[in-house]
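Enquirer: So that we are looking at the same thing, I have put the structure below in structure tokens.
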Amino acid sequence: MIADVDEPISTGTTLVAAHFKDGIVIAADSRTSSGSYVANRVADKLTKITDSIYCCRSGSAADTQCIADAVAYHLAFYEMQTGKPATVEAAANVFRNICYKYRDDMVAGIICAGYDDERGGGIYSIPPGGCLVEEKRVISAGSGSVFISGFLDALFKNNMSKEECVDLCLKAVSLAIHKDTSSGGVCRMAVITKDGVERKLFLNNELVQYEG
Amino acid sequence: MMSHEPEPSPTTCGAPLLQRGFDPYRDNAGTLVGIAGEDFAVIGSDLRLSLGFSIFSRDQSKLFKLTDRAVLGSSGCWADCVSLNKFLEIRLKTYGFEHNQPMSTKAIAQCCSTMLYSRRFFPYFAWNILAGIDEDGKGAIYSYDPVGNFERVPYQAAGNSGPQVLPFLDSIVGKKNQSNPDKAPITKERAINLIKDIFISAAERDITVGDGTHIIVITKDGLEEIRLDLRKD
Amino acid sequence: MSLCPDLPRPGFSFDNCKRNAALESRGYKSKGFVKTGTTIVGVCYKDGVVLGADSRATGGNIVADKFCDKLHKMSNKIFCAGAGTASDCDKVTEMIRGQIALLELNSGRDVRVASVVRIIKQYLYRYQGHIGCALIIGGYDATGCHLHSIAPHGSSMELPYLTMGSGSLAATAVLESRWKPDLDLEATKKLVRDATAAGILNDLGSGSSVNMVVLTKKGNETFYPYDIVCAKGVRSGLYDFPSGTTKVLRTKVIPYEIEKVEVRGASEEDEPMDI
Numbered sequence: 000m001i002a003d004v005d006e007p008i009s010t011g012t013t014l015v016a017a018h019f020k021d022g023i024v025i026a027a028d029s030r031t032s033s034g035s036y037v038a039n040r041v042a043d044k045l046t047k048i049t050d051s052i053y054c055c056r057s058g059s060a061a062d063t064q065c066i067a068d069a070v071a072y073h074l075a076f077y078e079m080q081t082g083k084p085a086t087v088e089a090a091a092n093v094f095r096n097i098c099y100k101y102r103d104d105m106v107a108g109i110i111c112a113g114y115d116d117e118r119g120g121g122i123y124s125i126p127p128g129g130c131l132v133e134e135k136r137v138i139s140a141g142s143g144s145v146f147i148s149g150f151l152d153a154l155f156k157n158n159m160s161k162e163e164c165v166d167l168c169l170k171a172v173s174l175a176i177h178k179d180t181s182s183g184g185v186c187r188m189a190v191i192t193k194d195g196v197e198r199k200l201f202l203n204n205e206l207v208q209y210e211g
Numbered sequence: 000m001m002s003h004e005p006e007p008s009p010t011t012c013g014a015p016l017l018q019r020g021f022d023p024y025r026d027n028a029g030t031l032v033g034i035a036g037e038d039f040a041v042i043g044s045d046l047r048l049s050l051g052f053s054i055f056s057r058d059q060s061k062l063f064k065l066t067d068r069a070v071l072g073s074s075g076c077w078a079d080c081v082s083l084n085k086f087l088e089i090r091l092k093t094y095g096f097e098h099n100q101p102m103s104t105k106a107i108a109q110c111c112s113t114m115l116y117s118r119r120f121f122p123y124f125a126w127n128i129l130a131g132i133d134e135d136g137k138g139a140i141y142s143y144d145p146v147g148n149f150e151r152v153p154y155q156a157a158g159n160s161g162p163q164v165l166p167f168l169d170s171i172v173g174k175k176n177q178s179n180p181d182k183a184p185i186t187k188e189r190a191i192n193l194i195k196d197i198f199i200s201a202a203e204r205d206i207t208v209g210d211g212t213h214i215i216v217i218t219k220d221g222l223e224e225i226r227l228d229l230r231k232d
Numbered sequence: 000m001s002l003c004p005d006l007p008r009p010g011f012s013f014d015n016c017k018r019n020a021a022l023e024s025r026g027y028k029s030k031g032f033v034k035t036g037t038t039i040v041g042v043c044y045k046d047g048v049v050l051g052a053d054s055r056a057t058g059g060n061i062v063a064d065k066f067c068d069k070l071h072k073m074s075n076k077i078f079c080a081g082a083g084t085a086s087d088c089d090k091v092t093e094m095i096r097g098q099i100a101l102l103e104l105n106s107g108r109d110v111r112v113a114s115v116v117r118i119i120k121q122y123l124y125r126y127q128g129h130i131g132c133a134l135i136i137g138g139y140d141a142t143g144c145h146l147h148s149i150a151p152h153g154s155s156m157e158l159p160y161l162t163m164g165s166g167s168l169a170a171t172a173v174l175e176s177r178w179k180p181d182l183d184l185e186a187t188k189k190l191v192r193d194a195t196a197a198g199i200l201n202d203l204g205s206g207s208s209v210n211m212v213v214l215t216k217k218g219n220e221t222f223y224p225y226d227i228v229c230a231k232g233v234r235s236g237l238y239d240f241p242s243g244t245t246k247v248l249r250t251k252v253i254p255y256e257i258e259k260v261e262v263r264g265a266s267e268e269d270e271p272m273d274i
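Protein chains in written order, with numbering that gives the first Met the number 0: chain A, 0 to 211; chain U, 0 to 232; chain Z, 0 to 274.
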């Protein structure tokens, strides 16, 4: 067959998560591919877990959707039992438990990020293998991350404004879309603060254009 | 005691060993049907060139006009078919210059076999049927395997739909397993219509047959060509 | 005999897997499954969803069925188009349809598209891609019209227009160039027809005719077929044999012996049916 429509669908992805003074920003491209075939060019890889916790998915689409569903179920149950919403750290640990338990059978790289009243904005990375790393500044993940991790480290500042942070994430995702064949489409974003979640969408022609 | 467990596949440092192979053959499909009569031979091919589930061409005849008394049908790996026929053309030209007359159908049949066998251990992936008029003016069909085994037969089907079509020819043309059948030799019109119907039917059940068929009738007066549309799905 | 016989284990039987692996290692080629090398298409429009499918089922190079039905009814307003291994698509949709019917009876409401998608994707995920069915699910429910696709490994997505199967590349080309938001019904049907026809004509795994279903808040309207893209060829010859072609070698007649003729009428003694 010429095109790989029969390959398992995966999100060879670019994910970015960054702290700013009021919370966190997460951003992702929107390409899901099956081999060389783009199965979805406007996918939403930022998946809601609770009202103020999101996860960014990379790896196998089936695996990460299943994990996200399972964690969302877990945390909803937790909230019902305890009467208060789960913290980002608790959510990240549920992710880590699942990712570690099934590390041999799954391909999943997840960033769990959100806002809780106890510790403010939180970003946790669960790379393939199932370890858990808390990130205090900025992190990128997925196949596009190799092109932008240095860029993010160089330009990230503590206590940025929301606009500065959104701008940085957009620039990073634009760069990765530009260079990484497995990333593409539009840039989706979510700004999570104590006031809730604000979703943003940057169409392909609204990305930052770079030469080269 | 014999173990019936399958042997474990060889590994390097735990990772399964990957065998990278040289795989020059592609099956571009194609179906050929030839019927010989008293003083004529008919050969037909479909017009679809494909690979896997993709169509490369909807108008690619697999018949090669060698002389005005012989036509070769080739299907299989299209690159091999074209290559084989190029070399065959050169041999026929050289023969023409050396002998000052075109090669007879019988000689072409032997020549094809020799050329196929010359590649015994890296064969042309090509199924061939040669149709023509022999020295006595009788219709002739020669059937080949990819390494040059050949045989003169009254009718033959080859290529992708060959296995489906041949039993039909056995019954209708060969009149096999019938008590007191009408053994009158097949007429030209009947042979042409039979080949048309065969391709119409093959297009119904074989996904690689379709788009059209190209039929060449060989008589002592030369070649007559017929084209017919088939379903395009 | 034991008092409590073992019930057969539910689910798939894997008993033959080891045997088949052993046979294959000794050079035996296993038979291929019937695949619906397929084109399936789904498009949302302003009042509902239109699903389309070709009607060819293949086994290798052979057309196994020229008029197969790839549109499966899940509920009154939800249909599911299947591509991949034919039996997997049939069985999965049949099974889920049962679950959905129970769900509707238990809750007294029409089931939602999202619920159908969730049930199917969790089922497919459990079998890790071994159940080879790729589905497009479309329908109308309390929250409006929805169109989802599910890949064999259990990932899903929701989009305004979708295609799957081996003809999806040809169909995508048509949809990407002609789809617009809020098309009317006729334009959508034409678009679905053309996208499916592109698959039928350009993909060897798809063929014959376009089947279609329109799902709106009023229910479903099916078109079997909506359009016959490639009709059957017409043969000129007749291929029958004169009687006597098959030689009679031996004849032996064994007559029935009728021992007794009895005609039973319906009488009062017969057990009446309870209502």
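Built from N, CA and C at the ideal position, the CB exists for glycine as well.
This structure is a prediction, so every number in the text was calculated from the model and none was measured.
How many angstroms separate the CA atom of residue 151(Z) from the CA atom of residue 119(Z)?
Expert: C-alpha separation (whole angstroms): 10 Å.
Enquirer: Thinking just about the alpha-carbon of each residue, which of 193(A), 178(A), 128(A) and 109(A) is nearest to the one in residue 138(A)?
Expert: That would be 109(A), whose Cα lies nearest to the Cα of residue 138(A).
Enquirer: What residue does the alpha helix (DSSP H) around residue 76(Z) start on, and which one ends it?
Expert: No alpha helix (DSSP H) holds residue 76(Z); DSSP gives it neither H nor E.
Enquirer: Kindly say whether residue 1(U), judged by its beta-carbon, lies nearer than 8 Å to any beta-carbon of chain Z.
Expert: Bear in mind that the predicted position of residue 1(U) carries a pLDDT of just 47, short of 50, making it too unreliable to give a figure here.
Enquirer: Please work out which residues of its chain come closer than 6 Å, Cβ to Cβ, to residue 133(A), disregarding the five sequence neighbours upstream and downstream, and give them in chain order.
Expert: So the qualifying residues of the chain are 123.
Enquirer: I'd like to know if residue 150(Z) contacts chain A, where contact means its C-beta is closer than 8 Å to some C-beta of that chain.
Expert: Cβ-Cβ to chain A under 8 Å: yes for residue 150(Z).
Enquirer: Determine the chain Z residues that contact residue 7(A) at a beta-carbon separation under 9 Å, and present them in chain order.
Expert: 128, 150, 151, 152 and 154, listed in chain order.
Enquirer: Under 8 Å Cβ to Cβ from residue 0(A), same chain only, skipping five residues before and after it: list those, please.
Expert: Any reading at residue 0(A) needs caution, since the residue's pLDDT is 45, under 50, leaving its predicted position unreliable; the model's value is listed next. Nothing listed; no residue qualifies.
Enquirer: Are the beta-carbon atoms belonging to residue 62(U) and residue 44(U) less than 8 Å from one another?
Expert: Contact: yes.
Enquirer: So does the region 134–149 of chain Z actually touch the region 42–49 of chain Z, counting three or more Cβ pairs closer than 8 Å?
Expert: With a cut-off of 8 Å, the region 42–49 of chain Z and the region 134–149 of chain Z count as touching, because enough Cβ pairs lie within range.
Enquirer: Using a Cβ cut-off of 8 Å, pull out every chain A residue sitting near residue 158(Z), in sequence order please.
Expert: The answer, in chain order, is 39 and 41.
Enquirer: I want to see whether chain Z comes within less than 8 Å of residue 30(U), judged by CB atoms only; does it?
Expert: It does not: the Cβ of residue 30(U) has no partner Cβ on chain Z nearer than 8 Å.
Enquirer: Could you check if residue 276(Z) is buried or exposed, using at least 16 other CB atoms within 10 Å of its CB as the buried criterion?
Expert: Within the shown structure, residues of chain Z are numbered from 0 to 274, placing residue 276(Z) beyond reach of any answer.
Enquirer: Can you list, in chain order, the residues of the region 191–203 of chain U whose Cβ is nearer than 8 Å to any Cβ on chain Z?
Expert: Going along the region 191–203 of chain U in chain order, one finds 192, 193, 195, 196, 199, 200, 202 and 203 with a Cβ nearer than 8 Å to chain Z.
Enquirer: Tell me the DSSP bridge mates of residue 55(A)?
Expert: Answer is 45(A) and 110(A).
Enquirer: Quick one: what's got a C-beta closer than 8 Å to residue 283(Z)'s C-beta in the same chain, skipping five residues either side?
Expert: Because residue 283(Z) is not part of the residues shown, which for chain Z are 0 to 274, the question remains open.
Enquirer: May I ask you to verify whether the region 217–231 of chain U touches the region 4–22 of chain Z, counting CB pairs closer than 8 Å and requiring at least 3?
Expert: With the cut-off at 8 Å, the region 217–231 of chain U and the region 4–22 of chain Z do not touch.
Enquirer: According to the Cβ coordinates, are residue 205(U) and residue 160(U) closer than 8 Å?
Expert: Yes, Cβ-Cβ distance for residue 205(U) and residue 160(U) is below 8 Å.
Enquirer: So residue 226(Z) and residue 208(Z) are supposed to be a Cβ contact under 8 Å. How far apart are they, rounded?
Expert: Contact flag correct, Cβ pair sits at about 6 Å.
Enquirer: Rounded to the nearest angstrom, what separates residue 189(Z) and residue 151(A) at their Cα positions?
Expert: Cα to Cα, the separation comes out at about 48 Å.
Enquirer: Using a C-beta to C-beta distance shorter than 9 Å, which residues of chain U count as neighbours of residue 236(Z)?
Expert: Within 9 Å Cβ-Cβ: 171, 189, 192, 193, 195 and 196.
Enquirer: Is DSSP giving residue 261(Z) helix, strand or coil here?
Expert: Reduced to three states, the DSSP call for residue 261(Z) is coil.
Enquirer: What are the uninterrupted segments assigned as alpha helix (DSSP H) that are 4 or more residues long and contained completely in the region 92–180 of chain U, given in chain order?
Expert: If we require 4 residues or more, the alpha helix (DSSP H) runs fully inside the region 92–180 of chain U come out as 104–116 and 161–171.
Enquirer: Per DSSP, which residues does residue 210(Z) bridge with? Please list them.
Expert: Paired residues: 52(Z).
Enquirer: At a cut of 8 Å, does the region 91–99 of chain U reach the region 136–143 of chain U through at least three beta carbon pairs?
Expert: The answer is no - the region 136–143 of chain U does not touch the region 91–99 of chain U, with fewer than three Cβ pairs under 8 Å.
Enquirer: Per DSSP, which one or two residues make a beta bridge with residue 19(A)?
Expert: DSSP, once it has assigned bridges, lists 22(A) as partnering residue 19(A).
Enquirer: Any beta carbon of chain B sitting closer than 8 Å to that of residue 122(Z)?
Expert: Among the chains of the structure shown, chain B does not appear; the protein chains present are A, U and Z.
Enquirer: Give the DSSP-derived three-state secondary structure of residue 1(A) in the structure shown.
Expert: Unreliable placement is indicated for residue 1(A), whose pLDDT of 47 sits below 50; the coordinate value is still reported in the next sentence. Reduced to three states, the DSSP call for residue 1(A) is coil.
Enquirer: Pull up the DSSP beta-bridge partners for residue 39(A), would you.
Expert: The partner list for residue 39(A) (beta bridge, DSSP) reads 31(A).
Enquirer: From the DSSP output, which residues share a beta bridge with residue 115(Z)?
Expert: Its beta-bridge partners do not exist; DSSP assigns none.
Enquirer: Please confirm whether any heavy atom of the ligand SAM lies closer than 7 Å to the CB of residue 9(A).
Expert: The ligand SAM is absent from the structure shown, which contains no ligand whatsoever.
Enquirer: How many angstroms separate the CA atom of residue 93(A) from the CA atom of residue 139(Z)?
Expert: Answer to the nearest angstrom: the Cα atoms are 35 Å apart.
Enquirer: In whole angstroms, give me the CA-to-CA distance for residue 37(A) and residue 128(Z).
Expert: Straight-line Cα distance between these residues: approximately 19 Å.
Enquirer: By DSSP's criteria, residue 199(A) is part of a beta bridge. Which residues make up the other side?
Expert: In DSSP, residue 199(A) forms a bridge with 188(A).
Enquirer: Run through chain Z and tell me which residues come within less than 8 Å of residue 237(U), C-beta to C-beta.
Expert: There is simply no residue 237(U) to check, as chain U begins at 0 and stops at 232 in what is shown.
Enquirer: State the DSSP-derived secondary structure class of residue 123(Z), mapped to helix, strand or coil.
Expert: In the structure shown, residue 123(Z) sits in a helix (DSSP, three-state: H, G or I).
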